[in-house]
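Here is the structure we will look at, set down as structure tokens.
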Amino acid sequence: ITVGGGIRNGSIYSALSKVNRSITHGRCPTVAAGGFLLGGGVGFDMRRHGIASDHLIATNVVLANGDMVTATAETNPDIFWAMRGGAGGNFGINTSFTLNTFPVDQIVEFQLGWSNVTNEFLDVYFKTFEAAPKELGSKVTLTPGLALEGQERPMNVSVIGQYIGSARDLKEILAPIYKLQAPDQEVIQLMAYWNASSYLSEAGTPDYYQERSRFVNGPMPNSMIQAMREWLTQWPNAQGSGSIKFFQMGHETNALKPTDTAFVHRQSQWLASIGITWTPGQTIPSRMLAHRWQDRFYKTITPLCGGGAYQNFPDPSLRDWATSYYGENLNRLMAIKAAVDPHQLFRYHQSIRPLK
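Just so you know, the working numbering puts the end of the sequence shown at 1384, numbered straight through with nothing missing.
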């Protein structure tokens, strides 16, 4: 499929649904193709088919000197390499993308929730999902529960995702979790692929938010579970919300080497994101408490995760953003920047600088 650079994801989904094809895609239909694809692009299909930018086979780009070029693995290969994870707004204006697609049919959509979970539960939860076949894709969110006087604030867990197989097989995969604690909320249903995607789509709300991300290299360490309990139970506010969510990586997301494309994060099992939201009328002291909680939580988990930060979740608080986003690929990206945009026509606060 070939799409325009500014088309929104919802329009791509609509076109693909008519022919029962798909690409790895997210849950936000109003995100545009350029922003999603150029920084990697995560979604429920990535454990089976790779991240979205792995599907890219060609892109047309207007460079800083006004030239329109086509970038593929054979033509302008350096530019093509940079377009697969080098993030948008760095090298030119992408006017189109050509992507490989894959066939889709029916999937099992699931939404599950547990209240007041223990550390043992979380250990079993993460081990179970890490051992799951690549046909399963998920996102899990941990949130602080309601604090009762004299008691520790509980932790709640909710997960959404899809499984290519039967509901019975999914239940067998998740049996170790169910054996420890049955979910308080359970929706498991077989649906047409694109109906399930619509059902799980995230329209978004007009709140203010900030998220800070880290890739978890390897299995979820017990130290991370302890850190999550420590900080979620210390959530300081009644207003707004704080959470940590994990997008499940692994399998085909790690099939390529870190230097095969500009997307360097090829050793992870999870993409963690600590998020806070607040409302326009929320007091400044309350908002500052939330930001302080987020920063301290993030500082605690960063050395435990082992990976960098996700370039598609821009984080203005990151001091080492270039290394966190691009790792060992940074110097090559800077060299490509120097070749195609030495005077930084395309720039923003966290844009790639040209190599000097």
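All C-beta atoms in this analysis are idealised placements derived from N, C-alpha and C, irrespective of residue type, glycine included.
Min CB distance residue i to chain B below 8 Å
i	result
F1072	Absent from the structure is chain B; it holds one protein chain and no more.
Where residue i sits in the DSSP three-state scheme
i	result
R1112	coil
I1085	strand
K1155	helix
P1131	strand
T1328	helix
A1210	coil
S1225	helix
F1119	coil
A1101	coil
N1282	helix
S1345	coil
Q1295	coil
E1003	Shown here, the chain extends from 1029 to 1384; a query on residue 1003 therefore has no answer.
E1137	strand
A1266	coil
F1149	helix
R1320	helix
R1315	helix
A1080	helix
I1205	helix
I1107	helix
Cutoff 8 Å; reference residue i; Cβ partners in own chain excluding five residues on either side
i	result
G1062	G1033, G1034, G1116, N1122 and F1125
T1289	S1081, D1082, W1109, R1112 and G1113
R1355	As written in the sequence, residue 1355 is Gly, which differs from the Arg given in the question. So the list reads P1286, V1292, H1293 and G1336, once near-sequence residues are dropped.
P1247	F1154, K1155, E1158 and Q1297
I1253	N1147, L1150, D1151 and F1154
L1180	Reading the sequence as shown, one finds Glu at residue 1180 and not Leu. Result list for E1180: T1261, in chain order.
N1359	L1383
V1215	E1137, F1138, Q1139 and L1140
Run of the alpha helix (DSSP H) containing residue i, from where it starts to where it stops
i	result
F1064	A1061 to L1066
M1256	N1250 to L1260
N1037	N1037 to S1045
V1368	L1358 to V1368
S1379	Looking at the DSSP string, S1379 is not in any alpha helix (DSSP H), and its letter there is neither H nor E.
Y1354	W1349 to Y1354
H1077	M1074 to H1077
N-terminal and C-terminal residue of the beta strand (DSSP E) that residue i is part of
i	result
K1016	Since the first residue shown for the chain is 1029 and the last is 1384, residue 1016 is missing from the structure and cannot be characterised.
E1200	Premise fails: E1200 lies in the alpha helix (DSSP H), A1195 to I1201, not in any beta strand (DSSP E).
I1272	S1269 to Q1276
T1030	T1030 to G1032
G1178	First-last for G1178: undefined, no H or E at that position.
Y1191	M1183 to Y1191
Contact set for residue i: own chain, Cβ-Cβ below 6 Å, skip 5 residues either direction
i	result
Q1339	G1067, A1115 and Y1353
Y1206	none
L1044	S1050
P1172	R1181, L1260 and W1263
T1169	S1186, S1271 and K1273
Close Cβ partners of residue i (< 7 Å) along its chain, the five nearest in sequence each way excluded
i	result
P1342	Q1378
N1128	H1083 and I1085
G1212	One point to set straight first is that residue 1212 is Asp, not Gly, in the sequence displayed. Contacts found: G1141, W1142 and S1143.
L1361	A1110, G1114, A1290, Y1354 and I1380
L1299	V1070, S1241, F1243, F1274, F1275, M1277 and Y1338
I1079	T1052, G1068, G1069, V1070, T1281 and F1291
Y1376	G1117
L1228	R1055, E1137 and I1188
Item to complete: Answer yes if the stretch 1117–1129 comes into contact with the stretch 1185–1202, meaning at least three C-beta pairs across the two stretches below 8 Å, and no otherwise.
Response: With a cut-off of 8 Å, the stretch 1117–1129 and the stretch 1185–1202 do not count as touching, because too few Cβ pairs lie within range.
Practice prompt. Report yes or no: do three or more beta-carbon pairs, one from the stretch 1216–1232 and one from the stretch 1130–1147, lie closer than 8 Å?
Written response: With the cut-off at 8 Å, the stretch 1216–1232 and the stretch 1130–1147 touch.
Discussion item. Closer than 8 Å is the cut-off here; do at least three beta carbon pairs connect the stretch 1324–1334 with the stretch 1365–1380?
Written reply: no
Practice prompt. Check whether the stretch 1071–1090 touches the stretch 1277–1293, counting contact only when three or more Cβ pairs, one atom from each stretch, lie closer than 8 Å.
Written response: Result yes; three or more Cβ-Cβ pairs closer than 8 Å.
Worksheet item: Is the stretch 1301–1319 in contact with the stretch 1259–1276, if contact means three or more CB pairs nearer than 8 Å?
Response: yes
Discussion item. Under 8 Å: do the stretch 1174–1193 and the stretch 1137–1150 share three or more Cβ pairs, one atom per stretch?
Written reply: yes
Worksheet item: Touch check for the stretch 1294–1310 and the stretch 1236–1245: three-plus C-beta pairs under 8 Å?
Response: With the rule of 3 Cβ pairs closer than 8 Å, the stretch 1294–1310 counts as touching the stretch 1236–1245.
Discussion item. Measuring CB atoms only, is the stretch 1159–1172 touching the stretch 1098–1108, in the sense that at least three cross pairs come out at less than 8 Å?
Written reply: Taking 8 Å as the limit for Cβ pairs, the verdict is that the stretch 1098–1108 does not touch the stretch 1159–1172.
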